[in-house]
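>
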Amino acid sequence: MPSSPKGFPFPLSLRAAPRTSGLHIPADCALGVAPAAGGAWGGGRPPRPGSGLGNASAGGRAARPSATVGCGAGPSAPASGGSISILGSDDATTCHIVVLRHTGNGATCLTHCDGSDTKAEVPLIMSSIKSFSEHAECGRLEVHLVGGFSDDRQLSQKLTHQLLSEFDKQDDDIHLVTLCVTELNDREENENHFPIIYGIAVNIKTAEIYRASFQDRGPEEQLRAARALAGGPQDDKQILEHLSTSPLAEPPHFVEHIRSTLMFLKKFPSPENILFPGNKALLYKKNKDGLWEKISSPGS
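Position one of the sequence shown corresponds to residue 0 (numbering that gives the first Met the number 0), numbered consecutively onward.
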């Protein structure tokens with residue numbers, strides 16, 4: 000992996016997003032299968048820029064509302080031009096956020112990795128970007144890794160090594176530009192460790208990367224999260240202990256997000272017929288105000 004990183008000290012199963020417009024949420028995503036037709040979802044509000052990501056960015060410029068995509072753990076979000084200008088993800092504790100970009104044509108993939116299948120995820124990220132860059136006459140592949148902290152179980156450290164190892168095994172030259180992971184993204188407070196950066200966004204038009212968080216997580220948030228969860232009512236302590244890899248470091252809204260997801264799962268234990276009548280995918284498009292709008296069928 001040539002090139003040296005910058006930014007010191009101060010990035011589930013993946014599927015390529017579709018090239019067709021709009022957002023597809025296929026019926027099988029509620030049955031524990033990652034959305035095969037794409038995992039990018041957007042919100043009507045832009046990410047909140049932070050104070051910059053070390054040398055990777057001198058701050059962040061918020062995108063117009065119609066050009067913002069917010070991602071959660073799991074699916075990847077490839078994009079190249081068009082109406083999308085911002086890709087981002089947040090709530091990463093032991094997870095890492097990976098941004099792979101081709102400098103020649105600006106094709107960009109951002110994904111939120113938790114270490115469940117890094118060996119398979121990295122080739123999928125690579126193939127996703129290369130499919131958009133087949134005819135690029137110049138440019139190179141650049142990767143940015145952000146996330147993790149010095150957690151007691153050393154899950155962050157393990158994931159860092161996995162990602163670096165898998166990218167190094169690829170046949171293509173990949174230039175490591177930003178490395179802000181694990182110990183380099185760690186802060187200590189009252190003898191407990193926390194990530195410094197929980198989320199980032201990348202402007203695919205300018206290649207600018209900055210700290211970010213998302214207020215609007217797009218359509219069907221509970222449905223998308225429910226595919227990875229199961230169980231009944233739980234109190235805050237149980238949710239943190241059993242459904243987080245880093246209970247002491249989670250952001251304040253973590254418990255409420257998990258609880259609402261569990262309630263959604265309880266309300267729709269068998270969503271096939273209720274949420275996906277006729278086993279048809281859910282289809283969304285952005286309206287003139289930049290908000291996701293549900294449409295009845297792909298032909299609408």
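Don't be surprised by glycine CBs; every beta carbon is placed ideally from N, CA and C.
Out of K265, E190, K236 and A211, state which residue places its alpha-carbon closest to the alpha-carbon of A224.
Residue numbering aside, residue 224 sits at position 225 when the sequence shown is read from its first letter. Taking only the C-alpha atoms, the option nearest A224 is K265.
> Identify the residues that DSSP records as bridge partners of E219: which are they?
Within the sequence shown, the letter at position 220 stands for residue 219. E219 pairs with nothing; no bridge assigned.
> To the nearest whole angstrom, what separates the beta carbons of G198 and D90, a pair I think is in contact under 8 Å?
Reading the sequence shown from its first residue, position 199 is the one you call residue 198. Reading the sequence shown from its first residue, position 91 is the one you call residue 90. Between D90 and G198 the Cβ distance is about 7 Å, and since that is below 8 Å, they are a contact.
> What residue ranges within the segment 92-173 form continuous alpha helix (DSSP H) runs of no fewer than 4 residues, ordered along the chain?
For the segment 92-173, whole alpha helix (DSSP H) runs of length 4 or above, ordered along the chain, are 117-131 and 154-167.
> Note down, in chain order, each residue of its chain lying with its Cβ closer than 6 Å to the Cβ of N191, except the 5 sequence neighbours on either side.
Position 192 of the sequence shown, counting from 1, holds the residue named residue 191. Correct list, in chain order: L247.
> Identify, in the order they occur along the chain, each residue of the same chain with its Cβ nearer than 8 Å to the Cβ of I294, setting aside the five sequence neighbours on each side.
Here residue 294 is taken as the residue at index 295 of the sequence shown, counted from 1. For I294, where only same-chain residues beyond five positions count, the Cβ hits under 8 Å are G21, L282, Y283 and K284.
> How many whole angstroms separate the CB atoms of L140 and D170, which I take to be in contact at a CB cut-off of 8 Å?
Within the sequence shown, residue 140 is the residue found at index 141, counting from 1. Within the sequence shown, residue 170 is the residue found at index 171, counting from 1. The pair is not a contact, with the Cβ atoms about 11 Å apart (cut-off 8 Å).
> Considering only residues of the same chain and omitting the five flanking positions on each side of H256, which have a CB-CB separation below 6 Å?
Indexing the sequence shown from 1 puts residue 256 at position 257. None.
> According to DSSP, simplified to helix, strand and coil, what is H252?
The residue labelled residue 252 in the question sits at position 253 within the sequence shown. DSSP places H252 in coil when its eight states are reduced to three.
> Does the segment 235-255 come into contact with the segment 120-140, if we say contact requires no fewer than three beta-carbon pairs (one atom in each stretch) closer than 8 Å?
These segments do not touch.
> Looking at the structure shown, is L175 part of a helix, part of a strand, or coil, going by DSSP?
Start at 1 with the first residue of the sequence shown, and residue 175 comes out as number 176. If DSSP states are grouped into helix, strand and coil, L175 belongs with the strands.
> Run the CB neighbour count on S84, radius 10 Å, all protein chains shown included, and call it buried at 16 or more, exposed below.
Locating residue 84 in the sequence shown gives position 85, where the first residue counts as 1. Under this definition S84 is a buried residue.
> Assuming I322 is part of the beta strand (DSSP E), what are its boundary residues?
Here the chain covers residues 0 to 299 and nothing more, so residue 322 does not appear.
> Give me the DSSP bridge partner(s) of Q185.
As a first step, residue 185 must be located in the sequence shown, where it is residue number 186. Per the sequence shown, the amino acid found at residue 185 is Asp instead of Gln. Answer is P194.
> For R210, list the residues DSSP reports as bridge partners.
Within the sequence shown, the letter at position 211 stands for residue 210. For R210, which the question treats as bridged, DSSP gives the partners I199.
> Classify E120: buried if its beta carbon has 16 or more other beta carbons within 10 angstroms, exposed otherwise.
The residue you call residue 120 lines up with position 121 of the sequence shown. E120 should be labelled buried.
> What does DSSP give as the partner residue(s) for K285 in the beta ladder?
Here the question's residue 285 lines up with position 286 in the sequence shown. According to DSSP, which records beta bridges pairwise, K285 is partnered with W291.
> Are there 16 or more other CB atoms within 10 angstroms of the CB of S126, so buried, or fewer, so exposed?
The residue you call residue 126 lines up with position 127 of the sequence shown. When all chains shown are included, S126 counts as exposed.
> Among T244, C179, A106 and C94, which one has its Cα closest to the Cα of S132?
Indexing the sequence shown from 1 puts residue 132 at position 133. The shortest Cα separation from S132 among T244, C179, A106 and C94 belongs to A106.
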